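Heads up: the structure comes next, in structure tokens.
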Amino acid sequence: MDKLLGHDLKIAFSSATGRLEEFRDAINSLNVFPVPDGDTGTNMLLTMRSAVQATKDACLEDQDYSASEVISALANGAFFGARGNSGVILSQILKGFSDGLRGKEVLTANELKSAFNQASAEAYSSVGNPAEGRCYQ
Numbered sequence: 001m002d003k004l005l006g007h008d009l010k011i012a013f014s015s016a017t018g019r020l021e022e023f024r025d026a027i028n029s030l031n032v033f034p035v036p037d038g039d040t041g042t043n044m045l046l047t048m049r050s051a052v053q054a055t056k057d058a059c060l061e062d063q064d065y066s067a068s069e070v071i072s073a074l075a076n077g078a079f080f081g082a083r084g085n086s087g088v089i090l091s092q093i094l095k096g097f098s099d100g101l102r103g104k105e106v107l108t109a110n111e112l113k114s115a116f117n118q119a120s121a122e123a124y125s126s127v128g129n130p131a132e133g134r135c136y137q
């Protein structure tokens, strides 16, 4: 596959949501900072479900949509459906990803890499004092 189409992104993010659901409890168990309330996985899952639903609502199955249109709908859905700190951070990752893909009909590997870099920068800038996570056992 040389390029990703809007439809490919819909499938990828729907699949990612399924993986979040599968590993929700494991992610919840890692949640110890800033408050050990054990809801990071749940909040990320609920945020992704909102994002994917917004994409389904905005980008109907019987029509073609650009990569930019799909990721924009996804980012908007995540923003409005964000739950908890982790959901807000996830929505900012998707916003950065969307900003990096603005106007793109299809994606090449280099464009995808650039969008991921922009997503990372957006997430870091959205947190007051970002710190790398630590694994506690």
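Numbering (our numbering), first residue to last: 1 to 137. All C-beta atoms in this analysis are idealised placements derived from N, C-alpha and C, irrespective of residue type, glycine included. Bear in mind the structure is a predicted one, so any value in this text is a computation, not a measurement.
Distance, Cα to Cα, residue i vs residue j?
| i | j | result |
| --- | --- | --- |
| S151 | M48 | For residue 151 there is no data in the structure shown, the boundaries of the chain being 1 and 137. |
| I11 | G77 | 16 Å |
| S91 | K56 | 17 Å |
| F80 | S126 | 16 Å |
| E22 | D99 | 29 Å |
| L20 | P36 | 19 Å |
| A54 | P130 | 28 Å |
| D8 | A26 | 27 Å |
What residues in its chain sit with their C-beta under 6 Å from that of residue i, if we drop five residues either side in the sequence?
| i | result |
| --- | --- |
| L101 | A67, S68, I71 and A115 |
| G103 | S68 |
| S14 | V52 |
| S120 | none |
| I93 | A119 and A123 |
In terms of alpha-carbon separation, which member of the options lies closest to residue i?
| i | options | result |
| --- | --- | --- |
| R24 | L4, L46, V35 and L5 | L46 |
| S6 | T17, D64 and S15 | Before going on, a small fix: residue 6 reads as Gly here, not Ser. Residue D64 is the option with its Cα nearest to G6. |
| N31 | L4, G84 and G18 | G84 |
| K3 | G96, Y124, V106 and K95 | V106 |
| A82 | S50, C59 and T108 | S50 |
Return the chain-ordered list of same chain residues with a C-beta closer than 7 Å to the C-beta of residue i, the five sequence neighbours on each side being excluded.
| i | result |
| --- | --- |
| N28 | G38, D39, T40, G41 and T42 |
| I89 | A123, S126 and V127 |
Could you name the residues that DSSP lists as bridge partners for residue i?
| i | result |
| --- | --- |
| L107 | L4 |
Does the beta-carbon of residue i have 16 or more other beta-carbons within 10 angstroms, so that it is buried, or is it exposed?
| i | result |
| --- | --- |
| V52 | buried |
| L74 | buried |
| E61 | exposed |
| N110 | exposed |
| K113 | exposed |
| N117 | exposed |
| E122 | buried |
| G96 | buried |
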